[in-house]
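Since the structure comes first, as structure tokens, the remarks are kept for the end.
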Amino acid sequence: MTMRSVFLYVCMTLLPAAVTAQQLSLEDIFINGKYGVKSVPGFNVTEDGQHYLKIDRSEGRQEVNRYDLKTGAHKERLYIHKDTSEQLAGYTLNSHSSYILTFSNPQAIYRRSVLYNTSVVRLSDGTAVQLHGGKKVLHAGFSPEGDKVAYVFENNLYVYDIIRNSTVQVTHDGRFNHIINGNCDWVYEEEFSFSQAYEWSPDGSWIAYYKFDESRVKEITMQYYFSGQNYPSDYTFKYPKAGEDNSIVNIYTYHVEKGLTQKMDVGTETDQYIPRIRWAGTRDLCIFRMNRHQNELELLYANPQSGASRTVYRERNKYYVDIHDNIYFLQEGNKILLTSETGGYNHLYIYDVKSRKLKAVTSGKWDLDELVAVDEQQSRVYFTAGIASPKERQLYSVHMNGGQQRAVLAERGWHNVSATGNKYFLVKHQSATEVPTFRLIDAKGKTVRWLEKNDRLKQQLQQVTLGTLRFLEIPNDEGVALNAYMITPPDFSESKKYPVLMYQYSGPGSQQVADRFQLDHYMWHQYLAQQGYIIVVADGTGTGGRGEEFKKKTYLQLGKLESDDQIAVARYLGALPYVDAARIGIWGWSYGAFMSSTCIFKAPEVFKAAIAVAPVTNWRFYDNIYTERYMRTPAENPEGYDRNAPEQMAAGLKGSFLLIHGLADDNVHFQNAAVLTEQLVRHNKQFRSEYYPNGNHGIGGGVTRFQLYKRMTGFILNEL
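For the record, in the sequence shown the residue sitting at position 617 is 656 according to my numbering, with numbers rising by one throughout.
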């Protein structure tokens with residue numbers, strides 16, 4: 040197959056002659072924040088639909104201000120954060136715009152759980168009450184009427200009554216590493232992508248909440264090292280690895296006025312998952328229930344008063360069912376809008392609870408990405424999808440009865456869209472040639488107000504010499520075209536030979552090849568292009584946006600087909616006249632590091648060098664929800680676990696290998712790097728390693744990222 044360019048991006052052709060193009064520096068990228076993207080912090084449209092709120096920061100002041108939606112004129116200063124020593128991290132406005140919750144001094148626990156000093160502020164006079172006496176709490180949220188606040192403190196759920204200025208402790212059995220109320224355990228937070236484990240009912244009468252009993256879950260201990268401490272500090276928490284016991288999870292309801300608690304009937308099976316709860320109107324609590332294999336999903340409707348439940352929907356899949364938030368309840372829960380891969384692609388369906396009939400709303404050989412909003416009055420649904428190309432996301436609407444979808448935002452690139460009520464949408468738009476912008480649009484796609492255009496970033500990029508980025512397709516060994524992009528050096532010439540550094544993530548359903556501003560590693564890759572390297576990123580088998588079969592083909596054999604594809608890409612590149620086939624390297628982080636390790640061990644004749652940052656080196660070491668979704672348990676699939684495990688393949692290393700890991704990685708434990716190191720030493724393999732004390736999975740903070748990327752840069756320049 041011939042390489043096919045989809046579009047070409049030449050960065051420097053429009054520079055004025057008088058401007059001297061600058062070289063990128065690692066300091067500007069990782070320390071000075073020169074190429075950072077500005078967003079719109081604290082943006083909210085008010086209930087009247089005529090104004091918007093946002094956080095403004097200038098000269099040490101932190102304020103929440105109200106602006107006219109159409110003119111952008113400043114109307115009112117709603118709140119001044121008086122303590123200049125504190126960071127105002129965010130706020131929540133109640134339904135009547137009479138109170139706000141302010142969140143300051145964030146303290147991250149895991150990926151999504153953050154403790155804050157939280158205050159309830161009356162906007163009429165600025166009177167503030169600190170929740171729980173000023174101690175840091177989790178997940179503070181207003182009731183629908185805005186007169187109460189629920190929150191979690193030390194694994195127990197509380198309700199603060201604003202009018203009465205009183206607090207009720209809902210649960211009393213919360214205990215670290217034993218019982219959790221209203222907050223998720225580690226594995227639910229990481230793999231089901233939520234942390235707040237309670238939900239107000241629409242009328243504010245009830246709170247439904249999770250109770251995790253993690254007493255039987257095995258523990259992992261991380262050590263922290265601090266200057267001035269003679270001994271390390273241990274942090275021990277519950278982490279269920281593949282094949283091991285999970286928390287026992289139950290759902291309860293609490294009647295706010297009566298103070299009564301009721302356990303919901305979720306069945307007698309304890310080895311199961313409850314990945315979501317949602318209120319289906321005011322009568323029923325919808326409980327999502329999954330089996331351990333995650334190939335059967337049931338929706339239960341539970342009575343909040345009696346706890347009795349009934350199954351209203353069931354979905355089975357020969358591979359697994361992905362959990363998402365694409366669900367909307369109509370007519371007091373009698374009808375449900377949801378997405379499913381039942382037809383081979385992810386599409387929207389409307390389900391009638393009474394007749395048990397499922398009707399397709401959308402169809403086609405494309406995946407619906409996100410259900411954005413539902414306009415019940417107009418019977419229209421708004422969603423994002425890659426209909427034009429799996430590398431793009433546009434905003435569409437469709438009638439609930441189906442029919443042809445209507446493009447609301449059709450411009451090329453990637454749109455992240457969130458609803459701000461039925462009238463407006465907040466849109467973040469970007470492409471490979473355009474920096475991210477933020478604007479407010481109406482339901483027809485008309486721009487109501489520009490909020491941030493990132494002109495400063497655009498100007499900064501115009502002043503540096505960047506390489507050319509183009510999209511292309513590369514065939515794998517089965518002849519399937521893989522989406523990819525290539526960055527070539529600014530002075531690229533096809534008459535020269537260049538080394539290639541490949542980057543990928545490769546995890547199930549992920550996408551790295553997309554028509555969006557590739558901020559994560561993009562500027563570093565451009566820096567390497569300035570040093571004379573070609574950068575190639577390819578999405579192999581198992582990645583997203585191309586239907587169920589392409590995504591789920593890696594089932595029970597994580598690592599095999601993904602590495603086969605990356606090796607095929609490298610061989611294809613090596614045959615190009617301008618590529619030095621003896622100088623091809625690969626790198627990745629997390630799943631991508633699992634893949635880069637596998638590739639250099641599996642195909643030492645193809646890859647000269649590899650970098651692995653925080654790799655999984657055997658799926659036996661990783662958590663059970665993620666791993667068993669794709670691999671089942673080690674007892675059921677031992678060969679699938681070990682055949683493609685980097686720590687079992689270490690004897691194959693011949694090239695240069697850099698292994699990097701944080702010692703306080705709560706996600707992919709340092710155990711992975713330690714076991715791989717032991718295997719490399721056992722086979723007398725020379726390699727380099729870099730370990731970061733107190734570093735988590737992201738390995739950041741201070742100048743850590745700069746130091747990390749400088750280390751990787753030196754390795755590439757010397758070894759590739």
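We treat Cβ as the ideally placed atom computed from N, Cα and C, and that holds for glycine.
Just so we're clear, the structure is a prediction, and the values are computed from it rather than from any experiment.
Could you give the first and the last residue of the continuous alpha helix (DSSP H) run that contains His564? The residue you call residue 564 lines up with position 525 of the sequence shown. Note, His564: alpha helix (DSSP H), Leu558 to Gln569.
With Lys483 as the anchor, note down where its beta strand (DSSP E) starts and where it stops. Here residue 483 refers to the residue found at position 444 when the sequence shown is read from its first residue. That residue, Lys483, is in no beta strand (DSSP E); it is neither H nor E in DSSP.
Would you tell me roughly how many angstroms separate the C-alpha atoms of Phe531 and Gln444, rounded to the nearest one? Along the sequence shown, one-based indexing puts residue 531 at 492. Along the sequence shown, one-based indexing puts residue 444 at 405. C-alpha separation (whole angstroms): 43 Å.
Pick helix, strand or coil for Gln718, following the three-state DSSP scheme. Against the sequence shown, residue 718 aligns to sequence position 679. It is helical.
Please list the segments of the alpha helix (DSSP H) lying wholly inside the region 592–634, counting only runs of 4 or more residues, in order along the chain. As far as the region 592–634 is concerned, its whole alpha helix (DSSP H) runs of at least 4 residues are 599–613.
Identify every run of the alpha helix (DSSP H) within the region 447–528, keeping only runs that are complete inside it and at least 4 residues long; order them along the chain. Fully enclosed alpha helix (DSSP H) runs of 4 or longer: 494–501.
Could you tell me the distance, in whole angstroms, from the CA atom of Tyr384 to the CA atom of Lys404? Taking the sequence shown and counting its residues from 1, one reaches residue 384 at position 345. Taking the sequence shown and counting its residues from 1, one reaches residue 404 at position 365. So the two alpha carbons sit approximately 6 Å from each other.
Given 8 Å, three or more beta-carbon pairs between the region 573–585 and the region 328–344: The region 573–585 vs the region 328–344: no contact.
Identify the continuous alpha helix (DSSP H) that holds Trp225 and give its terminal residues. Here residue 225 is taken as the residue at index 186 of the sequence shown, counted from 1. Residues Trp225 to Glu230.
Beta-carbon separation (whole angstroms), Ile623 vs Leu612, contact threshold 8 Å: In the sequence shown, residue 623 corresponds to position 584, counting from 1. In the sequence shown, residue 612 corresponds to position 573, counting from 1. About 7 Å; that satisfies the 8 Å criterion.
What does the alpha-carbon distance come out to for the pair Tyr594 and Leu407? For the purposes of this step, residue 594 is taken as the residue at position 555 of the sequence shown. For the purposes of this step, residue 407 is taken as the residue at position 368 of the sequence shown. Spanning the two alpha carbons is a distance of roughly 22 Å.
DSSP beta-bridge partners of Ala651: Here residue 651 is taken as the residue at index 612 of the sequence shown, counted from 1. Residue pairing by DSSP puts Ala651 in a beta bridge opposite Gly627 and Leu698.
Sorted by chain position, which residues of the same chain lie with C-beta nearer than 6 Å to Arg116's C-beta, five sequence neighbours on each side aside? Against the sequence shown, residue 116 aligns to sequence position 77. Answer for Arg116: Glu102 and Asn104, listed in chain order.
Count Cβ pairs between the region 144–162 and the region 221–236 that sit closer than 8 Å; are there 3 or more? Yes, the region 144–162 touches the region 221–236.
Assumed close pair Tyr352, Ile326 - CB separation to whole angstroms, cut-off 8 Å: By 1-based counting over the sequence shown, the position of residue 352 is 313. By 1-based counting over the sequence shown, the position of residue 326 is 287. So it is not a contact: roughly 11 Å between Cβ atoms.
Of all the options Ala568, Gly691, Leu132 and Gln301, which has the alpha carbon lying nearest to the alpha carbon of Val160? Locating residue 160 in the sequence shown gives position 121, where the first residue counts as 1. Out of Ala568, Gly691, Leu132 and Gln301, Leu132 has the C-alpha closest to the C-alpha of Val160.
Consult DSSP for Arg744 and reduce its assignment to one of helix, strand or coil. If you number the sequence shown from 1, residue 744 lands on position 705. Collapsing the DSSP output to three states places Arg744 in a helix.
Cross-strand partners of Gly180 (DSSP beta bridge): Translated into the one-based positions of the sequence shown, residue 180 becomes position 141. The partner list for Gly180 (beta bridge, DSSP) reads Ala189.
Kindly indicate which residue of Ala60, Ile68 and Gln61 has the alpha-carbon position closest to the one of Phe745. Residue mapping note: residue 745 aligns to position 706 of the sequence shown, counting from 1. The alpha carbon of Phe745 has as its nearest neighbour, out of Ala60, Ile68 and Gln61, the alpha carbon of Ile68.
When you compare the CB positions of Ser254 and Gln262, do they come within less than 9 Å of one another, or not? Counted from its first residue, the sequence shown places residue 254 at position 215. Counted from its first residue, the sequence shown places residue 262 at position 223. No, the pair does not count as a contact, with Cβ atoms beyond the cut-off.
Going straight from the alpha carbon of Arg555 to that of His454, what length do you get? Indexing the sequence shown from 1 puts residue 555 at position 516. Indexing the sequence shown from 1 puts residue 454 at position 415. Arg555 and His454: Cα-Cα distance of roughly 9 Å.
Runs of beta strand (DSSP E) lying entirely within the region 235–304, each at least 3 residues, in chain order: List check, beta strand (DSSP E) in window: 237–239, 245–252, 258–263, 272–277, 287–294 and 299–302.
Label Arg328 either buried or exposed according to how many other C-beta atoms from any shown protein chain fall within 10 Å of its C-beta, with 16 as the threshold for buried. Against the sequence shown, residue 328 aligns to sequence position 289. Around the beta carbon of Arg328, 16 or more other beta carbons sit within 10 angstroms, so the residue counts as buried.
Leu65, enclosing alpha helix (DSSP H) - first and last residue: In the sequence shown, counting from the first residue as 1, residue 65 sits at position 26. Here the alpha helix (DSSP H) through Leu65 covers Leu65 to Phe69.
Do you know how far the Cα of Asn757 is from the Cα of Phe823? Not covered by the structure: residue 823. The range shown for the chain is 40 to 759.
Are at least three pairs of beta-carbons, each pair with one atom in the region 306–315 and one in the region 284–298, less than 8 Å apart? Cβ pair count under 8 Å is three or more, so yes.
Mind checking whether Tyr199 and Val209 have CB atoms under 9 Å apart? The count along the sequence shown starts at 1 and reaches residue 199 at position 160. The count along the sequence shown starts at 1 and reaches residue 209 at position 170. Taking 9 Å as the Cβ cut-off, Tyr199 and Val209 do not qualify as a contacting pair.
First and last residue of the alpha helix (DSSP H) that includes Ile664? Translated into positions along the sequence shown, residue 664 becomes position 625. For Ile664, the enclosing alpha helix (DSSP H) starts and ends at Asn663 to Met670.
Would Leu719 and Ala648 qualify as a contact pair, given that the criterion is a beta-carbon distance under 9 Å? Indexing the sequence shown from 1 puts residue 719 at position 680. Indexing the sequence shown from 1 puts residue 648 at position 609. No, these two residues do not count as a Cβ contact at 9 Å.
Quick check: the Cα distance between Leu127 and Asn269, rounded to an integer number of angstroms? For the purposes of this step, residue 127 is taken as residue 88 along the sequence shown, with counting starting at 1. For the purposes of this step, residue 269 is taken as residue 230 along the sequence shown, with counting starting at 1. Rounded to the nearest whole angstrom, the C-alpha separation of Leu127 and Asn269 is 35 Å.
Looking at Ser602: is its Cβ nearer than 9 Å to the Cβ of Cys638? Position 563 of the sequence shown holds residue 602. Position 599 of the sequence shown holds residue 638. In this structure, Ser602 places its C-beta atom within 9 Å of the C-beta atom of Cys638.
Which class does Tyr138 belong to by DSSP, given the choice of helix, strand or coil? On the sequence shown, position 99 is the one that residue 138 refers to. Correct three-state label for Tyr138: strand.
Which same chain residues, not among the five before or five after Ser136, have their C-beta less than 8 Å away from its C-beta? Sequence index remark: in the sequence shown, residue 136 carries index 97 (1-based). Same-chain partners within the cutoff: Thr85, Glu86 and Leu162.
Inter-residue spacing [alpha-carbon to alpha-carbon] between Asn706 and Asp107: Stepping through the sequence shown from its first residue, residue 706 is reached at position 667. Stepping through the sequence shown from its first residue, residue 107 is reached at position 68. Asn706 and Asp107 have their alpha carbons spaced roughly 44 Å apart.
Which residue comes first and which comes last in the alpha helix (DSSP H) that contains Tyr358? To locate residue 358, count along the sequence shown from 1; it is residue 319. For Tyr358, there is no enclosing alpha helix (DSSP H), as DSSP marks it with neither H nor E.
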